[in-house]
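Reviewing the structure listed below.
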Amino acid sequence: MSLTSSPNAAGPCRVYVAGHLGMVGSALVRKLEMFREHSIITRSRQELDLTRQSEVESFFADEHIDRVYLAAAKVGGIKANMEMPADFIRENLQIQTHVIHAAFSAGVERLLFLGSSCIYPRLAQQPMLEDALMSGPLEPSNEAYAVAKIAGIKMCESYRHQYGCDFRSVMPTNLYGPNDNFDLDSGHVLPALLRKFYTAVATGSETVTVWGSGRPRREFLHVDDMAAASVHTMNLTTAQYWSVATPRCSHINVGTGTDVSIAQLAGLISGISGFSGQIQFDPDMPDGTPRKLLDISRLRALGWEAELSLEEGLAQTYAWMVQHEINTWADETA
Ligand code: GDP
């Protein structure tokens with residue numbers, strides 16, 4: 007799909023990836039580097055603190071950005087979300103409010119806001135359609151984060167409605183892949199289980215503990231597929247994007263269309279790791295939302311589908327973790 011021409015004369019399209027050191031942002035940069043007509047702009051947190059409005063405004067005023075991928079966010083697993091709701095709502099609201107408004111003020115041509123499937127009501131009908139948004143109460147364990155993400159979607163819609171901005175939103179299901187957070191306290195279930203099974207095999211432990219009942223169901227998408235879906239959505243023409251998105255329900259779900267139970271996920275990872283002990287469930291830990299499966303017909307109608315199977319993605323991410331992560335937790339496996 008061709009890109010529209012850059013407002014920067016005949017120069018390359020200047021694309022800012024906010025959050026390029028995170029799992030999603032780094033996958034986006036890998037994907038965008040395949041397009042020679044892009045000039046990719048990034049800033050570390052030390053160089054540009056997105057929670058500081060004046061810094062963000064100066065950056066946009068100086069850099070003449072054409073397109074923004076807004077992948078900067080404070081993210082975490084169920085435990086971190088329950089323990090630090092104030093941090094999750096404040097940081098996310100600040101980052102997205104500053105970036106979206108500064109992008110508008112600087113005349114950015116297009117922006118893509120990345121959200122999360124936790125925006126939908128806890129008991130939404132499965133698979134979840136985009137217009138299930140705000141049709142019921144949220145899951146309490148990540149309500150603060152979800153409210154911030156809903157505000158991001160509504161900001162993009164409001165700036166389109168009032169000012170005609172082409173600000174779009176994608177809502178990914180649970181993501182995983184290289185550069186994930188493998189911390190057992192603050193990370194999500196998939197990287198935590200990769201680490202727990204690796205450690206059990208390395209230390210000869212007989213048991214691996216999985217939080218909750220093992221019954222909740224989640225849909226997992228490899229971050230390279232998420233990056234591909236994001237670039238695909240950004241590159242749709244204005245008419246294409248807004249033909250499926252309405253001004254009052256503009257976001258697009260990104261997933262695989264299939265889910266697994268946490269117990270099934272543990273079984274798959276156990277097989278990859280070569281673990282031969284017992285899997286135990288800890289009922290004292292929370293289950294969270296019973297099921298999160300996205301309806302992906304909107305994105306499918308726009309010509310995109312995920313490529314990587316969960317089995318392939320898990321094996322690849324396990325290998326990445328062994329190569330890049332385990333030396334940072336040597337004490338566990340010594
Ligand atoms: P959620 O999708 O927002 O609920 O976030 P998580 O990815 O953190 O958790 C998903 C599900 O996996 C929940 O039911 C957790 O209780 C369960 N789970 C099982 N073992 C673990 C673990 O070691 N870490 C995490 N984060 N979740 C786990």
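Converting from the sequence shown to the working numbering requires adding 6 to each position, the first position being numbered 1. Glycine included, every Cβ here is placed at the ideal spot set by N, Cα and C. Since the structure is predicted, the reported quantities are computational estimates derived from the model, not experimental observations.
Give every residue of the same chain whose Cβ lies closer than 6 Å to the Cβ of residue i, excluding the five residues on either side of it in the sequence, and list them in chain order.
{"i": "Met-161", "result": "Ile-106"}
{"i": "Leu-190", "result": "Ala-198"}
{"i": "Val-328", "result": "none"}
{"i": "Tyr-22", "result": "Ile-47, Ile-71, Val-74"}
{"i": "Gln-286", "result": "Thr-213, Thr-215"}
Got a sec? Which residues, its chain only, sit under 8 Å from residue i by beta carbon, not counting five neighbours each side?
{"i": "Gly-158", "result": "Leu-76, Asn-98, Gln-102, Ile-106, Phe-119, Gly-121, Ser-175"}
{"i": "Phe-2", "result": "Beyond the ends of the chain as shown, which are 7 and 340, falls residue 2; an answer cannot be given."}
{"i": "Ser-192", "result": "Gly-82, Gly-83, Lys-85, Ala-86"}
{"i": "Asp-93", "result": "Lys-80"}
{"i": "Met-240", "result": "Arg-73, Tyr-75, Arg-116, Leu-118, Arg-174"}
{"i": "Trp-326", "result": "Gly-183, Pro-184"}
Give me the DSSP bridge partner(s) of residue i.
{"i": "Ala-24", "result": "Leu-76"}
{"i": "Asn-98", "result": "Answer is none; Asn-98 lacks a bridge partner."}
{"i": "Thr-213", "result": "Gln-284"}
{"i": "Leu-181", "result": "Leu-227"}
Give me, in chain order, the residues of the same chain whose beta-carbon lies closer than 7 Å to that of residue i; leave out the 5 immediate sequence neighbours on both sides.
{"i": "Thr-244", "result": "Asp-172"}
{"i": "Leu-144", "result": "Pro-127, Arg-128, Ala-152"}
{"i": "Gly-275", "result": "Contrary to the premise, residue 275 reads as Ile rather than Gly in this sequence. Closer than 7 Å at Cβ, skipping near neighbours: Leu-199, Leu-200, Phe-203, Leu-320."}
{"i": "Ile-278", "result": "Leu-320, Ala-321, Tyr-324"}
{"i": "Tyr-165", "result": "Ile-106, Phe-110, Cys-171, Phe-173"}
Using the Cα positions of residue i and residue j, report the straight-line distance between them to the nearest angstrom.
{"i": "Pro-18", "j": "Glu-115", "result": "14 Å"}
{"i": "Thr-323", "j": "Gly-283", "result": "22 Å"}
{"i": "Met-90", "j": "Phe-188", "result": "18 Å"}
{"i": "Ile-268", "j": "Ser-315", "result": "17 Å"}
{"i": "Arg-221", "j": "Gly-263", "result": "18 Å"}
{"i": "Asp-301", "j": "Lys-37", "result": "25 Å"}
{"i": "Ser-12", "j": "Ala-208", "result": "With a pLDDT of 46 at Ser-12, under the threshold of 50, the predicted position of this residue should be treated as unreliable, though the coordinate-derived value follows. So the alpha carbons of these two residues sit roughly 52 Å apart."}
{"i": "Ser-249", "j": "Leu-242", "result": "10 Å"}
{"i": "Leu-271", "j": "Phe-281", "result": "14 Å"}
{"i": "Ile-71", "j": "Ser-256", "result": "23 Å"}
{"i": "Pro-296", "j": "Gly-273", "result": "19 Å"}
{"i": "Gly-218", "j": "Asp-186", "result": "22 Å"}
{"i": "Ser-141", "j": "Met-134", "result": "11 Å"}
{"i": "Asn-259", "j": "Arg-304", "result": "7 Å"}
{"i": "His-44", "j": "Gly-210", "result": "49 Å"}
Taking the alpha carbon of residue i as the point to measure from, which residue in the options has its own alpha carbon closest?
{"i": "His-330", "options": "Leu-34, Arg-201, Glu-63, Gly-277", "result": "Arg-201"}
{"i": "Ala-138", "options": "Arg-128, Leu-196, Trp-335", "result": "Arg-128"}
{"i": "Ala-154", "options": "Ala-79, Leu-117, Pro-222, Asp-186", "result": "Ala-79"}
{"i": "Asp-231", "options": "Ala-24, His-257, Gly-183, Pro-292", "result": "Gly-183"}
{"i": "Val-216", "options": "Ser-123, Ala-206, Glu-225", "result": "Ala-206"}
{"i": "Val-237", "options": "Arg-221, Leu-320, Leu-308, Arg-254", "result": "Leu-308"}
{"i": "Lys-298", "options": "Val-30, Ala-24, Gln-131", "result": "Gln-131"}
{"i": "Ala-234", "options": "Ile-125, His-44, Ile-332, Glu-313", "result": "Glu-313"}
{"i": "Glu-311", "options": "Pro-296, Asp-290, Gly-261, Gly-294", "result": "Gly-261"}
{"i": "Ile-125", "options": "Ser-111, Met-134, Ile-156, Leu-117", "result": "Ile-156"}
{"i": "Met-88", "options": "Thr-334, Gly-294, Leu-305, Arg-304", "result": "Gly-294"}
{"i": "Met-291", "options": "Tyr-247, Gln-100, Asp-68, Ser-147", "result": "Ser-147"}
{"i": "Asp-265", "options": "Arg-254, Asp-288, Leu-227", "result": "Leu-227"}
Requested in this report: Taking only runs that begin and end inside the stretch 228–269, name each unbroken beta strand (DSSP E) of 3 or more residues, in chain order.
Outcome: Within the stretch 228–269, the complete beta strand (DSSP E) runs of at least 3 residues are 257–260.
Query raised in the report: In chain order, which continuous runs of the beta strand (DSSP E) of length 3 or greater are located wholly inside the stretch 102–177?
Result: Segments of the beta strand (DSSP E) lying fully in the stretch 102–177: 116–120.
Query - Ordered list of alpha helix (DSSP H) runs contained in the stretch 43–88, each at least 4 residues - result: Fully enclosed alpha helix (DSSP H) runs of 4 or longer: 59–69.
Query - Those runs of the beta strand (DSSP E) which lie wholly inside the stretch 283–339 and span at least 3 residues - result: Listed in chain order, they are 284–288.
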